[in-house]
Amino acid sequence: MSKNRSNPRRYRLDFISENTFNRVWTIRMGRARVILVSAGCIAALAAMVYVILAYTPLRRLMPGALDSDLRSRYVATALRVDSLERVASAERAYVENLVAIISGQETDSTDYTAVDMPVTAAPGDTLPAAGEAERAFVRAYDEENRFNLSVLAPIAAEGMVFGSPLSTAVHAIPVAGGGVSVNPRRAVPVAATYRGTVTGVYHDPDGTSTIVVQHPNDFVSVYGGVGDVFVERGQRVSPGQRLAHTSTRVPLVFELWHNGTALDPREYMAF
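Going by the numbering used here, the sequence shown opens with residue 81, and the numbers climb by one from there.
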């Protein structure tokens with residue numbers, strides 16, 4: 081008595097021309113091959129999805145894929161935009177008021193009432209002539225400030241947008257010798273005000289540190305009195321990149337220099 085052996089189950093996929101109804105291509109596969117091909121397709125699809133999510137901008141849509149300091153950058157950008165809006169609003173109001181004055185319309189500024197006053201010749205200068213000591217002082221002052229390049233700083237800063245070193249709005253107090261002192265009263269991130277290269281990280285005896293960053297167009301920013309430092313000498317930094325944390329013991333002293341001349345940071349950024 082012989083034992084009946086059933087044929088293995090096979091599958092066939094036909095590609096037929098719609099115009100001629102001729103069979104163009106035929107694929108015959110067994111059950112094992114169907115399973116292998118299906119698993120390969122699923123693996124290829126999973127690999128493609130992984131590549132798209134890992135190496136394209138779409139990865140920023142995944143939860144937890146954003147940079148840790150991206151929120152601080154958003155806050156700093158919002159503060160700069162708010163400052164620019166206030167400046168633009170003030171400039172617009174000034175121009176509108178000036179146009180109204182020229183055209184003779186009423187303005188919302190202070191009412192200046194014309195007063196008819198006789199025009200008389202100005203009297204001669206009654207001040208005494210300058211003495212030798214005064215002339216010597218003027219000559220020494222001119223010699224000292226002849227090569228002062230601080231007036232070139234606004235020109236060199238054209239096209240550069242400096243950001244506040246702190247993501248939170250604080251009151252900046254001028255300090256002697258240039259720079260400002262800010263005290264957030266808690267440890268907050270200290271960010272690079274512009275792109276550049278870290279040229280020095282110095283540790284002070286009181287346990288704080290000082291970071292020096294060289295920027296384009298001969299600008300240098302100094303961050304003194306910081307706590308934890310996250311950068312090292314020679315490292316390139318981008319605008320808004322976290323450099324350190326403020327110290328809870330001493331306020332942050334921020335300085336901005338151009339060609340060896342100390343500048344007032346409040347004229348180049350909003351705090």
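No residue lacks a Cβ here, since even glycine has one placed at the ideal position from N, Cα and C.
Closest by C-alpha distance to Thr326, out of Ala156, Gln315 and Tyr303, is Tyr303. Its Cα nearest to that of Ser97, the residue Trp105 stands out among Gly239, Arg90 and Trp105.
Met128 sits exposed, since fewer than 16 C-beta atoms from the chains shown fall within 10 Å of its C-beta. Between His295 and Arg322, the beta carbon gap of about 17 angstroms keeps them out of contact (Cβ cut-off 8 angstroms). DSSP places Arg266 outside both helix and strand once states are collapsed to three, so it counts as coil. Membership of Ser247 in any alpha helix (DSSP H) is not indicated, and neither H nor E is assigned to it by DSSP. In this structure, the straight-line span from the alpha carbon of Gly243 to that of Val131 is close to 35 angstroms. For Arg90, the pairing in a beta bridge is given by DSSP as Gly110. A straight-line Cα-Cα distance of about 57 angstroms links Tyr154 and Asp94.
With at least 16 other beta carbons inside 10 angstroms of its own, Val250 counts as buried.
Taking the Cα of Gly258 as reference, the smallest distance to any Cα among Ser301, Val270 and His283 is reached at Ser301.
DSSP places Ala256 outside any beta strand (DSSP E), giving it a letter other than H or E. Under the three-state reduction of DSSP output, Gly340 falls in the coil class, being neither helix nor strand. According to the DSSP assignment, Val293 belongs to the beta strand (DSSP E) that extends over Ser289 to His295. The shortest C-alpha to C-alpha distance from Thr248 to any of Val270, Glu238, Ala237 and Gly239 is the one to Val270.
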